[in-house]
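A short write-up of the structure that comes next.
Residue numbers (our numbering): 399 to 615.
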């Protein structure tokens with residue numbers, strides 16, 4: 399079962415990083431529409447979220463043990479959600495302050511395309527689907543599995559490197575740095591609470607506020 403788990407995980411990561419590399423080096427552009435965004439997010443949820451849970455099942459031998467190992471639990475959920483809200487708002491404030499002080503500006507073509515396609519439904523569902531798929535894979539599966547072998551600091555750093563590399567399509571250095579740093583915050587949240595609701599909440603809120611700023615501008 400472990401061999402099947404690692405083969406499936408390798409396949410999932412190959413899809414993620416393969417598409418990221420293609421997005422970086424490809425000169426062709428696919429128009430970003432609300433329909434394409436939703437289909438893309440649902441596909442990501444199936445591959446990253448569903449695939450991660452299946453990998454955990456192969457590793458632990460039962461659905462209950464798999465979900466528990468990934469942090470899907472009711473115990474401490476309210477506290478975990480509150481921690482996620484506070485951490486996300488503090489990170490947004492801190493990163494905005496750094497950008498304001500340094501005056502650093504860089505175009506993010508992908509974010510601009512998504513921003514131009516926003517409507518109310520996308521504003522809600524895109525942050526939910528992206529947070530659920532990415533946190534299930536990176537924090538729930540990869541970090542929690544690594545943490546039992548390497549300790550949480552090494553696990554959080556490795557997971558954050560993997561997480562930021564999965565976002566190469568941003569094509570913006572500041573975005574990759576912010577993604578890596580925010581991933582460390584998310585990694586600490588799941589370590590501290592042992593509940594995936596905490597990084598899920600923080601990730602959703604961060605994406606929602608970022609999209610809302612595009613929507614209102």
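Positions of the beta carbon are idealized from the N, C-alpha and C atoms, including for glycine.
Residue of the options minimising C-alpha distance to residue i
| i | options | result |
| --- | --- | --- |
| residue 438 | 523, 453 and 472 | 523 |
| residue 435 | 486, 485 and 527 | 527 |
| residue 596 | 612, 538, 609 and 551 | 538 |
| residue 414 | 432, 490 and 449 | 449 |
| residue 634 | 521, 440 and 445 | Outside the shown range of the chain, which is 399 to 615, sits residue 634, and nothing can be said about it. |
| residue 410 | 534, 555 and 570 | 534 |
| residue 491 | 576, 403, 400 and 614 | 576 |
| residue 440 | 554, 525 and 601 | 525 |
| residue 481 | 447, 611 and 601 | 601 |
| residue 473 | 445, 467, 593 and 424 | 593 |
| residue 444 | 607, 613 and 532 | 532 |
Status (buried if at least 16 other CB within 10 Å, exposed otherwise) for residue i
| i | result |
| --- | --- |
| residue 488 | exposed |
| residue 624 | Given that the chain is displayed from residue 399 to residue 615, the structure contains no residue 624 and the question cannot be resolved. |
| residue 599 | buried |
| residue 517 | exposed |
| residue 584 | buried |
| residue 431 | exposed |
| residue 609 | buried |
| residue 561 | buried |
| residue 399 | exposed |
| residue 494 | exposed |
| residue 405 | exposed |
Integer Cβ distance of residue i from residue j, believed to fall under 8 Å
| i | j | result |
| --- | --- | --- |
| residue 408 | residue 566 | Their Cβ separation, rounded to whole angstroms, is 19 Å, which puts residue 408 and residue 566 out of contact at 8 Å. |
| residue 456 | residue 421 | Contact doesn't hold; Cβ gap of about 29 Å is too wide. |
| residue 578 | residue 557 | That pair is no contact at about 10 Å. |
The ligand ATP heavy atom lying under 7 Å from the CB of residue i
| i | result |
| --- | --- |
| residue 587 | Ligands displayed in this structure: none; no statement on the ligand ATP is therefore possible. |
Identify every run of the alpha helix (DSSP H) within the stretch 433–491, keeping only runs that are complete inside it and at least 4 residues long; order them along the chain. 449–458 and 461–467
Is the stretch 566–577 touching the stretch 450–457 in the sense that three or more CB pairs, one from each, lie closer than 8 Å? no
Would you be able to state if there are at least three C-beta pairs under 8 Å between the stretch 585–595 and the stretch 539–547? yes
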